[in-house]
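Asks: If you read the protein sequences in the order shown, they are chains A, B, C and D.
Going by our numbering, the letters in the first sequence line up with residues 13 to 217, in that order.
Going by our numbering, the letters in the second sequence line up with residues 13 to 217, in that order.
Going by our numbering, the letters in the third sequence line up with residues 13 to 217, in that order.
Going by our numbering, the letters in the fourth sequence line up with residues 13 to 217, in that order.
Have a look at the structure that comes next, please.
Protein chains: 4
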Amino acid sequence: MVIYINYFGGANLNTKTEIKKREKVDSLYDSAYELFTTKGINDTAISDIVKRAGVAKGTFYLYFKSKYDILDKIIMRKSNEVLEEAIYKTKSKDFKSFEDEVLFFIDFIIDKLEENRLMLKLIHKNLSWGVLKRFSNEYEGIHKIYLMFEKGYIDSGLTKDEIEKILFIIIDLTGSITYSAIILKEPAPIEEMRPILFDAIRKII
Amino acid sequence: MVIYINYFGGANLNTKTEIKKREKVDSLYDSAYELFTTKGINDTAISDIVKRAGVAKGTFYLYFKSKYDILDKIIMRKSNEVLEEAIYKTKSKDFKSFEDEVLFFIDFIIDKLEENRLMLKLIHKNLSWGVLKRFSNEYEGIHKIYLMFEKGYIDSGLTKDEIEKILFIIIDLTGSITYSAIILKEPAPIEEMRPILFDAIRKII
Amino acid sequence: MVIYINYFGGANLNTKTEIKKREKVDSLYDSAYELFTTKGINDTAISDIVKRAGVAKGTFYLYFKSKYDILDKIIMRKSNEVLEEAIYKTKSKDFKSFEDEVLFFIDFIIDKLEENRLMLKLIHKNLSWGVLKRFSNEYEGIHKIYLMFEKGYIDSGLTKDEIEKILFIIIDLTGSITYSAIILKEPAPIEEMRPILFDAIRKII
Amino acid sequence: MVIYINYFGGANLNTKTEIKKREKVDSLYDSAYELFTTKGINDTAISDIVKRAGVAKGTFYLYFKSKYDILDKIIMRKSNEVLEEAIYKTKSKDFKSFEDEVLFFIDFIIDKLEENRLMLKLIHKNLSWGVLKRFSNEYEGIHKIYLMFEKGYIDSGLTKDEIEKILFIIIDLTGSITYSAIILKEPAPIEEMRPILFDAIRKII
DNA sequence: TATGAATGAGAATTCATTCAT
DNA sequence: GATGAATGAATTCTCATTCAT
C-alpha cells in the first residue's frame with residue numbers, strides 16, 4: 013500500500029519542518045564545536061560530526077560545503093558571542109577615562125577566554141582584527157567595538173585609520189598573549205601576565 | 013684477500029656513508045619546506061615530499077616520525093636562522109641606546125620576513141618567545157636574544173622574570189602584527205604598520 | 013511532483029537496499045573464505061578480498077574491523093555449519109546406546125572435514141569446546157551438542173561440570189587427531205587413525 | 013693510515029671470533045623468543061629482533077633465512093628442552109607400572125608448561141608427535157620418548173605402528189587439553205582438568 | 001663477518017563525497 | 001528535505017631484503 017503526498021502540500025512548509033531543520037543544523041554546530049575543541053580539527057572527520065549530531069552524512073552536505081566551511085562559521089559565531097557580551101557589559105558601566113573603558117573590555121574578554129580554554133584554542137589566531145573586519149557586516153559585535161574606539165579617540169586629532177591601527181594592535185596583542193599565557197603558560201600564567209599586558213596597553217593608548 | 017681497515021678502527025665515522033645520509037636528510041628538509049610553503053601543509057603528502065627529494069618513502073620514516081615531525085623541525089630551523097642572523101647583524105653595530113638596538117633587531121626581522129613571505133606564512137605565530145624558549149638548548153640564536161635583553165635592562169632594577177616577560181610581549185606582538193600586515197595586509201600593509209608598531213614597542217620598553 | 017511512501021512509514025526496512033547490503037557482505041565472506049583457504053591467511057590482503065568480492069575497499073571496513081575480524085567470524089560460521097548438520101543427522105537416527113550415538117556424531121564430523129580439507133586447515137584447532145562455548149548464544153548447533161551429551165549421561169550420577177569436561181576432551185581430541193591425520197597424514201592417514209581414535213573415545217566414555 | 017690484515021690469518025679462525033659469533037646467534041634466539049612470546053609472531057618484525065639483540069639487521073640474514081626460519085628453530089629447541097628434561101626425570105625413577113611411568117612423564121610436562129605459559133602459547137599446536145618425529149634425527153629427546161613407549165608395550169602383542177599411534181594420541185591430547193586449560197582456562201583450569209585427562213589417558217593405555 | 005642506510009613495493013586504513021531510495 | 005550505503009582515490013606507514021662499506 014502506498015500513500016501519495018503532494019510535494020508542495022502544506023505539510024512541507026509548516027513550522028514543524030522548519031524547527032526540525034534548525035534543530036539539525038544546531039546539532040551539527042554543537043557537535044562540530046565539541047569535536048574540534050576536544051580532538052582537534054585535523055582529527056575530526058565529517059563522519060564523527062554527524063554521528064555525534066545524530067544526523068545522516070548527507071544532511072551535513074545539505075547545510076555546509078566542507079569541514080572548513082563549518083569551522084569558519086563556528087569561529088565567527090563564537091568570537092562574536094564573546095565580543096557582543098564584552099561590549100554589552102562595557103557599555104552598561106561608567107568609566108572615568110577611555111583607558112579604563114578599554115582595559116575593562118579587555119579584562120572581560122580575558123576572563124571569558126580563561127573560563128573556556130578549549131574555545132580559546134579553537135579561535136586562537138583567528139580573533140584578530142583582520143578576520144573580524146571581514147565579517148563585520150554579518151556580526152554586530154565587531155562593528156560596535158570599532159565605534160567604541162572611535163568615540164574614545166574623538167578629541168585626539170588622530171585619523172580614523174590611525175585609530176583603527178591602534179585598536180588592531182591592542183586586540184592582536186591581547187589575543188596572542190592570552191593564548192600563550194592561558195594555553196601554554198608561557199612565559200608565565202595569565203595572572204602574572206595580565207598586569208604586564210595591561211601596562212603595555214595603557215602605554216600604547 | 014685483504015681487508016683494508018681505516019685508521020679510526022671499525023667503529024669509525026664512515027665519511028662517505030655519513031655524507032650521503034646528510035644529503036638525503038637535507039634533501040627531505042628542502043623538499044618539505046618547498047611544498048609546505050607553496051601547496052600548504054594539509055595538501056602536502058609524504059609521497060610528494062619524497063618524490064621531490066628523490067628518495068624512497070621509507071627513507072623519510074627513517075628520519076622523521078610524521079609530517080608534523082618534519083614541520084616542527086623546519087619551523088625551528090627557519091626561525092633560528094632568522095634570529096641568528098638578526099642577532100649577528102645587531103651585535104656588529106653600535107647603538108646609542110638599548111631602545112635603538114631592539115628596534116634595529118626587530119626591523120631586521122621584519123625585513124627578512126617580508127623578503128620571504130612563504131616562510132612567514134609557515135612559521136606564522138610560532139615565532140613566539142614561548143615556543144623558542146623550549147628549543148633554546150638546541151638553538152644558539154634564541155639564547156643570545158635573551159642575553160642581549162638582559163644586558164639592556166642591567167640598571168633598570170627589573171628582575172630576570174620581568175625582563176623575560178617584556179621580551180616575550182615584544183616578540184609576540186612583532187610576530188603577530190608582521191604576519192597580519194604582510195600576509196593579510198590587515199589592517200594595513202607593513203610599511204604603514206611599522207611606525208605604529210615601533211611606537212608601541214618604544215612605549216613598552 | 014509526488015513522493016511515494018511505503019506502507020511501513022519512513023523508518024521502513026528498505027528491502028532493496030537491505031538485500032544489496034546482504035549480498036555485499038556475503039560476497040565478502042565467500043571471497044575471504046576462498047582466499048584464506050587457498051592462499052593462506054598471511055598471504056591474503058584485504059585488497060585481494062575486495063577485488064574478488066567485487067566491492068570497494070571501503071565497503072570491507074563498513075562491515076569488518078580487520079582481516080582477523082572477518083577470519084573469526086568465518087571460523088565460527090563454518091564450525092557451526094558442520095556441527096548443526098552433524099547434530100541434525102544424529103538426531104534423525106535411532107541408536108541402541110549413547111556410545112553409538114556419540115561415535116556416529118564424531119564419524120559424521122570427520123567425514124565432513126575430510127571432504128573439505130581446506131576448511132579443516134582453516135578452522136584447525138579452533139573447533140574446540142572452549143571457543144564454541146563462547147559463541148553458544150549466537151549459534152544454535154553448539155548448544156544442541158551439549159544437550160545431547162547431558163541426556164546421554166542422565167543416569168550416570170556425574171555432575172553437569174564433569175559431563176562438560178568429558179565432552180570437551182572428546183571434541184578436542186577429535187579435532188586434534190583429525191587435523192593431524194588428514195592434513196599432515198601424521199602419524200598415519202585418517203582411515204588408519206579412525207579406529208584407534210574411536211577406541212580411545214569409547215574408552216573415555 | 014691503513015692496516016692490512018690477511019683474510020686467512022690466524023685472527024679470523026681463533027676462538028674469540030667464534031665465541032662472538034655464537035654470542036650473536038644466541039642473542040638473536042633469545043630476543044626472538046622473548047618477542048614472539050610477548051608480542052606475538054605477526055607483530056614481531058625482524059627489526060625488533062635485531063634491535064633487542066643488539067646486532068645489525070644484516071647479521072640476522074647471515075644466520076636465518078626469515079622470521080619463520082628462526083621461529084621453527086626456536087620451537088624445536090624449546091620443545092626438545094622440555095622433553096629431554098621430562099625423559100631424564102622419568103628415567104631416574106622407578107615405577108611399578110608402565111602406566112605410572114607415562115603419567116609421571118605427562119605430569120612433568122604439564123608442570124613445566126604451566127610454569128612457562130608464554131612458551132606454551134608459542135609451541136602450542138606444534139608439540140605434536142607428527143612435528144616432533146620430523147626432527148627426531150636432530151633432537152635426542154624426541155627419539156627417547158618413543159623408545160620408552162616401545163619398552164612399555166613390549167609384551168602387549170601390539171605392532172610398532174600401533175604403539176606409535178597410541179603414543180601420538182596421548183601426546184596430542186595432552187598438548188591440546190593443556191593449552192586450553194592453562195591458557196584459555198576452558199573448560200576449567202588445569203588443576204580441575206588434570207585428573208580427568210589422567211583418567212582418559214589411563215583408559216587409553 | 002658485520003654493519004645499517006636505503007629501498008620501494010605493498011599493506012592497512014580513512015574519508016569526503018555521491019546518489020538511489 | 002533526509003538518509004546512509006557505497007565508493008575508491010589518497011594517504012600513511014611498515015618491513016623484508018639488499019648491498020656498499
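Glycine included, each C-beta is placed from N, C-alpha and C at the ideal position.
1. In angstroms, rounded to a whole number, what distance separates the CA positions of Leu218(C) and Val67(A)?
2. Counting contacts by CB-CB distance shorter than 7 Å, is Pro199(C) in contact with chain D?
3. Any contact of the region 189-204 of chain B with the region 153-171 of chain A, i.e. 3+ C-beta pairs under 8 Å?
4. Would DSSP call Asp84(A) helix, strand or coil?
5. With C-beta atoms as the reference, is Thr49(D) less than 7 Å away from Leu130(D)?
6. Under 8 Å by Cβ, that's how I've got Glu162(A) and Lys172(A) pegged, so tell me the actual separation to the nearest angstrom.
7. Could you tell me whether the Cβ atoms of Pro201(B) and Phe180(A) are closer together than 7 Å?
8. So Thr49(D) is in the alpha helix (DSSP H); what residue range does that whole segment cover?
9. Can you tell which of Arg64(A), Phe117(A) and Lys79(A) has its C-alpha closest to the C-alpha of Lys156(A)?
10. Hey, out of Leu74(C), Ile183(C) and Ile175(C), whose CA is closest to Phe120(C)'s CA?
11. Considering only the alpha carbon of each residue, which of Lys85(B), Met205(B) and Glu113(B) lies closest to Thr186(B)?
12. How would you write the range of the alpha helix (DSSP H) that Val67(B) sits in, first residue to last?
13. Using 8 Å as the cut-off, can you tell me whether the region 73-87 of chain A makes contact with the region 40-47 of chain A, which would need three or more C-beta pairs spanning the two stretches below that distance?
14. Could you give the residue range of the alpha helix (DSSP H) that holds Gly187(A)?
15. If you draw a straight line from the C-alpha of Asp60(B) to the C-alpha of Leu125(A), how long is it?
16. Please report whether the beta-carbon of Ile121(A) lies at a distance below 7 Å from any beta-carbon of chain B.
17. Would you list, in chain order, the members of the region 182-210 of chain A that have their beta-carbon closer than 8 Å to a beta-carbon of chain B?
18. Less than 6 Å between the CB of Ala65(B) and some heavy atom of the ligand ZN, yes or no?
19. Does the Cβ-Cβ distance between Gly70(B) and Phe110(B) come in under 7 Å?
20. Specify the secondary structure class of Tyr165(D) as computed by DSSP and reduced to three states.
21. Let me confirm a value: Thr102(A) is counted as buried when at least 16 other C-beta atoms fall within 10 Å, else exposed. Which label applies?
22. Can you list the residues of chain D that Glu176(C) reaches, using a CB-CB cut of under 9 Å?
23. Using a Cβ-Cβ cut-off of less than 8 Å, list which residues of the region 92-118 of chain C approach chain D; keep chain order.
24. Is the distance from the Cβ of Lys90(B) to the Cβ of Ile122(B) below 7 Å?
25. Can you give the Cα-Cα distance for Glu152(D) and Arg64(D), rounded to whole angstroms?
26. Count the other C-beta atoms from every protein chain shown that fall within 10 angstroms of the C-beta of Lys36(D), then say buried if there are 16 or more, exposed otherwise.
27. Determine, for Ala212(A), whether the minimum Cβ-Cβ distance to residues of chain B falls below 7 Å.
28. Using DSSP with H/G/I as helix, E/B as strand and the rest coil, what is Ala98(D)?
29. If we call anything under 7 Å between Cβ atoms a contact, is Ser188(B) one with Ser188(A)?
30. For Phe180(C), which residues in chain D fall below 7 Å Cβ to Cβ?
31. Please list, in chain order, the chain A residues whose beta carbon lies closer than 8 Å to that of Lys156(B).
32. Please confirm whether Lys215(B) has its beta-carbon closer than 7 Å to some beta-carbon of chain A.
33. Where Ala212(C) and Tyr75(C) are concerned, what is the direct C-alpha to C-alpha distance, given to the nearest angstrom?
34. By Cβ distance below 6 Å, which residues in the same chain neighbour Leu209(B) in space, the five residues on each side in sequence not counted?
35. Check Ala23(B) in the structure and name its three-state DSSP category.
36. Along the alpha helix (DSSP H) that carries Asp119(B), what are the first and last residues, could you check?
Replies: Reading off the structure:
1. The structure shown does not extend to residue 218(C), since chain C is modelled only from 13 through 217, so no value can be given for it.
2. Locating residue 199(C) in the third sequence gives position 187, counting from the first residue. Chain D, which has a Cβ nearer than 7 Å to the Cβ of Pro199(C), makes this yes.
3. no
4. By one-based count along the first sequence, residue 84(A) stands at place 72. Asp84(A): helix per DSSP, three-state reduction.
5. Position 37 of the fourth sequence holds residue 49(D). Position 118 of the fourth sequence holds residue 130(D). Contact: yes.
6. Stepping through the first sequence from its first residue, residue 162(A) is reached at position 150. Stepping through the first sequence from its first residue, residue 172(A) is reached at position 160. Contact holds; Cβ gap of about 7 Å.
7. As a position in the second sequence, residue 201(B) is number 189, starting the count at 1. As a position in the first sequence, residue 180(A) is number 168, starting the count at 1. No, Cβ-Cβ distance for Pro201(B) and Phe180(A) is not below 7 Å.
8. One-based indexing of the fourth sequence puts residue 49(D) at position 37. Run containing Thr49(D): Thr27 to Lys51, per the alpha helix (DSSP H) assignment.
9. Taking the first sequence and counting its residues from 1, the one referred to as residue 156(A) is at position 144. Comparing Cα-Cα distances from Lys156(A) to each of Arg64(A), Phe117(A) and Lys79(A), the minimum goes to Phe117(A).
10. Translated into positions along the third sequence, residue 120(C) becomes position 108. Measuring from the Cα of Phe120(C), the nearest candidate turns out to be Ile183(C).
11. Counting from 1 along the second sequence, the entry for residue 186(B) is found at position 174. Ranking Lys85(B), Met205(B) and Glu113(B) by Cα distance to Thr186(B) puts Met205(B) first.
12. By 1-based counting over the second sequence, the position of residue 67(B) is 55. Counting along the chain, Val67(B) falls outside any alpha helix (DSSP H), and DSSP gives it neither H nor E.
13. yes
14. Numbered from 1 along the first sequence, position 175 holds the residue referred to as residue 187(A). Its alpha helix (DSSP H) spans residues Lys172 to Tyr191.
15. Within the second sequence, residue 60(B) is the residue found at index 48, counting from 1. Within the first sequence, residue 125(A) is the residue found at index 113, counting from 1. So the alpha carbons of these two residues sit roughly 39 Å apart.
16. Along the first sequence, one-based indexing puts residue 121(A) at 109. Not an interface residue.
17. Asp184, Leu185, Gly187, Ser188, Ile189, Ser192, Leu196, Glu198, Pro199, Ala200, Glu204, Met205, Ile208 and Leu209
18. Of the ligands one can find in the structure shown there are none, so the ligand ZN has no counterpart to examine.
19. The count along the second sequence starts at 1 and reaches residue 70(B) at position 58. The count along the second sequence starts at 1 and reaches residue 110(B) at position 98. Result no, Cβ atoms of Gly70(B) and Phe110(B) do not sit closer than 7 Å.
20. As a working note, residue 165(D) is residue 153 in the fourth sequence. Residue state, collapsed to three classes: coil.
21. Taking the first residue of the first sequence as 1, we reach residue 102(A) at position 90. Thr102(A) should be labelled buried.
22. The sequence position of residue 176(C) within the third sequence is 164, counting from 1. Neighbours of Glu176(C) on chain D, chain order: Pro199 and Ala200.
23. none
24. Numbered from 1 along the second sequence, position 78 holds the residue referred to as residue 90(B). Numbered from 1 along the second sequence, position 110 holds the residue referred to as residue 122(B). Contact flag unset, no.
25. Along the fourth sequence, read from residue 1 onward, the residue named residue 152(D) stands at position 140. Along the fourth sequence, read from residue 1 onward, the residue named residue 64(D) stands at position 52. Those two C-alpha atoms are separated by around 30 Å.
26. On the fourth sequence, residue 36(D) is found 24 positions in, with the first residue counted as 1. By the neighbour-count rule (16 or more Cβ atoms within 10 Å), Lys36(D) is buried.
27. Here residue 212(A) is taken as the residue at index 200 of the first sequence, counted from 1. So, interface residue.
28. Walking along the fourth sequence from the start, residue 98(D) turns up at place 86. Ala98(D): helix per DSSP, three-state reduction.
29. Taking the second sequence and counting its residues from 1, one reaches residue 188(B) at position 176. Taking the first sequence and counting its residues from 1, one reaches residue 188(A) at position 176. In this structure, Ser188(A) lies closer than 7 Å to Ser188(B) by Cβ.
30. Translated into positions along the third sequence, residue 180(C) becomes position 168. Under the 7 Å cutoff, chain D gives Pro199.
31. Counting from one through the second sequence, the residue named residue 156(B) turns up at place 144. Chain A residues near Lys156(B): none, gap ~17 Å exceeds 8 Å.
32. The residue you call residue 215(B) lines up with position 203 of the second sequence. Yes, Lys215(B) lies at the interface with chain A (some Cβ there is under 7 Å from its Cβ).
33. Residue mapping note: residue 212(C) aligns to position 200 of the third sequence, counting from 1. Residue mapping note: residue 75(C) aligns to position 63 of the third sequence, counting from 1. Each residue's Cα considered, the two are about 43 Å apart.
34. Counted from its first residue, the second sequence places residue 209(B) at position 197. Around Leu209(B): Ile189.
35. Here the question's residue 23(B) lines up with position 11 in the second sequence. Caution applies to Ala23(B), whose pLDDT of 41 falls short of 50 and renders its modelled position unreliable; the model cannot decide the point.
36. Position 107 of the second sequence holds residue 119(B). Taken as a continuous stretch (DSSP letters only), the alpha helix (DSSP H) holding Asp119(B) covers Phe110 to Glu127.
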